[in-house]
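In terms of mature numbering (1 follows the signal peptide of the UniProt record, and there is no 0), the sequence shown is residues -24 to -1, 1 to 271. First the structure, in the form of structure tokens, and then the observations on it.
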Amino acid sequence: MNPTTTRTGLTALTGLLTLCFLSAGCVPQSQSDAWRKKYQAADESIMELRLELEGREDELAALRGRSGVNGQLSAEAEALRAQNQQLRDTLAMAQEQLRSVAGSPLPAELTSDLEALAADNPDLMTFDPNTGMIRFRSDVTFALGKTDVQEGARQLLAQVAGVLSSPAASGYEVRVVGHTDNVPVTNAANVQKYEDNWGMSAFRAISVMRVLSENGVPQERISVTGYGPMQPVEPNGPRGSEANRRVELFLTPQTAAVSNGAMSEPRPADPVMAEPASIEPMAAPGPADTPAMFK
């Protein structure tokens, strides 16, 4: 990402959000949805900027002591830090305005039930009422290198399924999205079964989908995908990042296409995964052999 391009995009985004929010009042749902998309775009821009900044700082470390180039990179890194903070401020403004103008995108009863579950299980689950997203930490949802949901997480998922199968949630699709960090799958058994982090993330999302389905959420309302390491929420360190190893549930208004869609059966060693720009329904593979440690 070129710093000038980043700065231009940031200025445009800031202006658009400011214009929308300064004109806020009693607005239709469609306009609230548009604002929500804008701050989600800002969130993605923050991650791009953070990753670029991380790369610049790596360059600085490698080139430290080499005059001229080192000074230029230092200036660029400092500019990126300032842009990052400005974009964070823009996102915070967007989120606060959405909170006060549009409120939660979900019905009040559904929001309240999910907030209560998150409050009772802070080590395993978080819930963002502004986006309708539920997040589970993979490190406590699954054993290392495994894709079977552990018992404690299974019990919580059963409770979540009870909420998601309630009348208040009946009009919402449940999108189950698996993520990993950037540490490659190296264990031979797991390489054969999952191939890589894309496969690992997809199989974990499938396992969560199965628990939800077993506990009352209709499969026609569930879609599954795996993004592997492609959507980090923080920069990965030498050993990856616990925050990036996660499974997320997104609650979105149900569409006719999803309601009428069918889920296909992938082979256990060859899971189906959506391209990063789309989310497609998919079903779980057959029973898998017990995997070994993969990292």
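Using N, Cα and C, we set each Cβ at its ideal position, and we do this for glycine too. Fair warning: this is a prediction, and the values are worked out from it, not measured in the lab.
Buried versus exposed, by CB contacts within 10 Å (16 or more), residue i
i, result
"Met185", "buried"
"Met176", "buried"
"Leu120", "exposed"
"Arg180", "buried"
"Gln168", "exposed"
"Pro143", "exposed"
"Thr162", "exposed"
"Ala94", "buried"
"Arg222", "buried"
"Phe118", "buried"
For residue i, three-class secondary structure by DSSP
i, result
"Ala238", "Interpretation of Ala238 is limited by its pLDDT of 40, a score under 50 that renders its predicted location unreliable; no figure is taken from the coordinates."
"Gly175", "helix"
"Pro194", "coil"
"Glu52", "helix"
"Arg221", "coil"
"Tyr148", "strand"
"Leu132", "helix"
"Gly138", "helix"
"Pro229", "strand"
"Arg113", "strand"
"Thr123", "coil"
Distance, residue j Cα to residue i Cα
i, j, result
"Glu224", "Ala164", "27 angstroms"
"Ala92", "Ile110", "12 angstroms"
"Ala145", "Ser217", "32 angstroms"
"Val187", "Gln59", "42 angstroms"
"Val139", "Glu52", "48 angstroms"
"Asn166", "Asp172", "8 angstroms"
"Ser141", "Leu90", "12 angstroms"
"Val209", "Asn220", "6 angstroms"
"Pro105", "Arg197", "20 angstroms"
"Val150", "Pro211", "27 angstroms"
"Ala178", "Phe226", "15 angstroms"
"Thr107", "Val193", "20 angstroms"
"Leu133", "Phe112", "9 angstroms"
"Gln207", "Arg215", "17 angstroms"
"Arg130", "Ala55", "46 angstroms"
For residue i, the nearest candidate out of the options (CA to CA)
i, options, result
"Asn97", "Lys122, Phe118 and Gly128", "Gly128"
"Gly202", "Ala145, Glu210, His155 and Thr123", "His155"
"Thr123", "Leu100, Met101, Leu82 and Ser183", "Ser183"
"Val136", "Phe118, Leu100, Gln168 and Thr162", "Leu100"
"Tyr148", "Gly213, Thr228, Leu132 and Val139", "Thr228"
"Ser114", "Ala51, Glu54, Asn106 and Thr102", "Thr102"
"Val159", "Gly138, Gly213 and Phe118", "Gly213"
"Glu190", "Thr107, Val125, Phe118 and Leu82", "Val125"
"residue 272", "Gly204, Tyr170 and Gln230", "Residue 272 cannot be examined here, being either before or after the span of the chain that is shown, -24 to 271."
Rounded distance between the beta-carbons of residue j and residue i, thought under 8 angstroms
i, j, result
"Val152", "Val116", "Going by Cβ atoms, the distance from Val152 to Val116 rounds to 17 angstroms, so no, they are not a contact pair."
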